[in-house]
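Heads up: the sequence shown runs through residues 321 to 492, numbered per my numbering. For reference, the structure discussed in these notes is given below.
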Amino acid sequence: ALESGLAIAEAYQRQDRLVLAKELLHTMLRWQMDPVSRAKIQLRLGAIALTLGNGVQARTLFILAAEAKDPDIQQAALSGLGDAQMFFGNFAQARQFYEESIRRPDDAARQADSQGQVLSGSGSTRAALVSYAMYQLGRVALQLGDLEGAIATFQQLALNSDAAIADEARLA
Numbered sequence: 321a322l323e324s325g326l327a328i329a330e331a332y333q334r335q336d337r338l339v340l341a342k343e344l345l346h347t348m349l350r351w352q353m354d355p356v357s358r359a360k361i362q363l364r365l366g367a368i369a370l371t372l373g374n375g376v377q378a379r380t381l382f383i384l385a386a387e388a389k390d391p392d393i394q395q396a397a398l399s400g401l402g403d404a405q406m407f408f409g410n411f412a413q414a415r416q417f418y419e420e421s422i423r424r425p426d427d428a429a430r431q432a433d434s435q436g437q438v439l440s441g442s443g444s445t446r447a448a449l450v451s452y453a454m455y456q457l458g459r460v461a462l463q464l465g466d467l468e469g470a471i472a473t474f475q476q477l478a479l480n481s482d483a484a485i486a487d488e489a490r491l492a
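Here it is as structure tokens:
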């Protein structure tokens with residue numbers, strides 16, 4: 321039921337029917353669910369709030385989602401917090417969140433390895449989240465007037481053939 325609801329909410333978002341997506345996700349929050357499932361909904365609500373111009377609500381939702389004990393969700397929430405800071409014009413703080421999002425997979429892998437565990441989740445999800453955070457770091461560098469840093473970041477992304485965002489980096 322959760323995955324179906326998330327898929328419908330995503331379809332609404334793609335159709336720019338954000339109010340319907342938001343209403344569906346708020347309804348889903350009333351269901352009994354584990355913290356990771358709740359965080360998945362909070363991430364989507366945070367993205368919608370930011371798109372609708374409500375940065376404070378988005379930041380709150382991303383903070384709540386970051387509390388989930390799931391490395392992929394924590395990584396996505398850190399990028400969301402970076403997005404919220406970009407929205408507020410706090411580029412230095414945004415950079416810190418994006419940098420943490422990029423470091424998170426390595427930190428989580430080291431911790432799991434030291435505890436003899438295997439990370440759940442998808443390596444491709446982590447790679448996509450890292451690519452997004454790197455792209456956003458390039459945008460932050462531009463906002464802060466660091467043209468050389470932005471170019472270096474976008475060139476690194478463009479060379480990464482696995483990056484879904486590589487085409488955008490080539491255009492930047």
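Where a beta carbon is used, it is the ideal one built from N, C-alpha and C, also for glycine. Keep in mind it's a predicted model, so treat the numbers as computed, not measured.
Leu467 versus Phe474: straight-line alpha-carbon distance, rounded: 11 Å
Would you grab the beta carbon distance between Leu338 and Ile361 for me? Rounded to a whole angstrom, and I think it's under 8 Å. Leu338 to Ile361, Cβ: 15 Å. No contact.
Spatial neighbours of Gly436 in its chain, beta-carbon cut-off 6 Å, leaving aside the 5 residues before and after: Residue placement at Gly436 cannot be trusted, given a pLDDT of 47 that sits under 50; the coordinates are not used to answer.
So, under 8 Å CB-CB, Ala414 and Val450 are touching, yes? Tell me the CB distance rounded to an integer number of Å. About 16 Å; that fails the 8 Å criterion.
Start and end residues, alpha helix (DSSP H) containing Gly325: Looking at the DSSP string, the run of the alpha helix (DSSP H) that includes Gly325 is Leu322 to Arg334.
Reduced DSSP category for Ala388 - H, G, I as helix; E, B as strand; rest coil: coil
Give the secondary structure of Leu349 by DSSP, where H, G and I count as helix, E and B as strand, and everything else as coil. The three-state reading of DSSP puts Leu349 in helix, counting H, G and I together.
Between the beta-carbon of Ser421 and the beta-carbon of Ser444, is there less than 8 Å? no
So, helix, strand or coil for Leu372, using DSSP? coil
Please go through the same chain and pick out, in chain order, the residues whose beta-carbon is closer than 7 Å to the beta-carbon of His357, but skip the five residues on each side of it. A quick correction: the sequence has Ser, not His, at residue 357. Taken in chain order, the residues that qualify are Leu322.
Residues in its own chain within less than 8 Å of Ala472 by CB, not counting five upstream and five downstream? none
Supposed contact pair Phe408 and Gly375 - C-beta distance, whole angstroms, cut 8 Å: 6 Å
Could you work out which residue in Arg423, Arg334 and Leu363 is closest to Asp348 when comparing CA atoms only? In the sequence under discussion, the amino acid at residue 348 is Met, which differs from the Asp named in the question. Answer by Cα proximity: Leu363.
Return the chain-ordered list of same chain residues with a C-beta closer than 6 Å to the C-beta of Ala470, the five sequence neighbours on each side being excluded. Gly458, Ala461 and Leu462
For Arg446, count neighbouring C-beta atoms within 10 Å of its own C-beta (all shown protein chains included) and say buried if the count is 16 or more, exposed if not. Arg446 comes out buried.
Under 8 Å, do Ala386 and Gln377 count as touching if we go by C-beta distance? no
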